[in-house]
């Protein structure tokens, strides 16, 4: 059994790369090696995981309006916001009042739905994830102007382009309605659920520690304060080559 576990541990880092090749649900825009592409995807997912785990607010931009109801339902249980390409309105991030008021006054039911989503953006997001940067240039620009850390998928690795905090030069296929057939969404679903489970475990652990400290005045209470505003830099500095999702 121990030998089998060691073999699985050795093979695990290769899992993401193999899935990338098998699904063919992406297109590498920078001609990177599969290992480099895999690393960048892992890094982006690791950032999303950490922000979610620390109860930060994430804005996902660029999803199809008719796709992945399971992801939408999962995000409803969080403080995150998901904006489809059809709902995006210029000013969503940098000028919510100007973009929100006309929609609120409109009698069009579709505008009412857009207004409800944009209203959620009145509270600033801690991280923006743009799923297709070529179709959402305005979102990238507004994220930069609002000084919000931004992960961009499907962009070129251009050193002169400073608007993206972290770039993933891979284009994924987000049009399939079945979440199991969408590679990125499948992993996103997994890490969101993993973070939720980890938080539950951490809360149980803190509760146990509190009981011990209550009866032992000589024991210092544990501190689990959320990270500082340098969270993204710390995460990106983390080596996650052997991480698995």
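Residue numbers (our numbering): -19 to 225.
Ideal Cβ positions, reconstructed from N, Cα and C, are used throughout, including at glycine.
Can you look up residue 85 in the DSSP assignment and give me helix, strand or coil? For the purposes of this step, residue 85 is identified with residue 105 of the chain shown, where counting begins at 1. Residue 85 falls in the helix class under three-state DSSP.
Under 6 Å Cβ to Cβ from residue 119, same chain only, skipping five residues before and after it: list those, please. Within the chain shown, numbered from 1, the residue matching residue 119 stands at position 139. Excluding sequence neighbours, residue 119 sits near 41, 110.
Would you grab the beta carbon distance between residue 61 and residue 212 for me? Rounded to a whole angstrom, and I think it's under 8 Å. Working through the chain shown from its first residue, we reach residue 61 at position 81. Working through the chain shown from its first residue, we reach residue 212 at position 232. With a Cβ gap of about 18 Å, residue 61 and residue 212 do not count as contacting.
Within the continuous alpha helix (DSSP H) that includes residue 142, where are the two ends? Taking the first residue of the chain shown as 1, we reach residue 142 at position 162. Per DSSP, residue 142 lies in no alpha helix (DSSP H) and is assigned neither H nor E.
How would you call residue 180, buried or exposed, if buried means at least 16 neighbouring beta carbons within 10 angstroms? For this step, residue 180 is matched to residue 200 along the chain shown. Exposed.
Compute the distance between the beta-carbons of residue 128 and residue 98, then report whether it is under 7 Å. As a working mapping, residue 128 is identified with position 148 in the chain shown. As a working mapping, residue 98 is identified with position 118 in the chain shown. Not in contact: residue 128 and residue 98 (Cβ atoms no closer than 7 Å).
What ranges does the beta strand (DSSP E) occupy inside the stretch 99 to 130, keeping only unbroken runs of at least 3 residues that lie completely in it? As for any beta strand (DSSP E) of minimum length 3 sitting wholly inside the stretch 99 to 130, the runs are 107 to 110, ordered along the chain.
So is residue 147 buried or exposed if we call it buried at 16+ other beta carbons inside 10 Å? As a first step, residue 147 must be located in the chain shown, where it is residue number 167. It counts as buried.
When DSSP builds the beta bridges, which residues end up paired with residue 64? Taking the chain shown and counting its residues from 1, one reaches residue 64 at position 84. The partner list for residue 64 (beta bridge, DSSP) reads 43.
Whole-angstrom distance between residue 13 and residue 21, CA atom to CA atom: The sequence position of residue 21 within the chain shown is 41, counting from 1. The sequence position of residue 13 within the chain shown is 33, counting from 1. Those two C-alpha atoms are separated by around 13 Å.
Over what stretch of residues does the beta strand (DSSP E) that includes residue 151 continue unbroken? As a first step, residue 151 is located in the chain shown; it is residue number 171 there, counting from the start. Counting along the chain, the beta strand (DSSP E) containing residue 151 begins and ends at 150 to 152.
Option nearest residue 115 by Cα separation, candidates 68, 18, 103, 31: Within the chain shown, numbered from 1, the residue matching residue 115 stands at position 135. For residue 115, the nearest C-alpha among the options comes from 68.
Option nearest residue 142 by Cα separation, candidates 65, 29, 165, 124: Start at 1 with the first residue of the chain shown, and residue 142 comes out as number 162. When each option's Cα is compared against that of residue 142, the closest is 124.
Per DSSP, what kind of secondary structure is residue 38 in: helix, strand or coil? Looking up residue 38 in the chain shown gives position 58. Here residue 38 sits in strand by DSSP.
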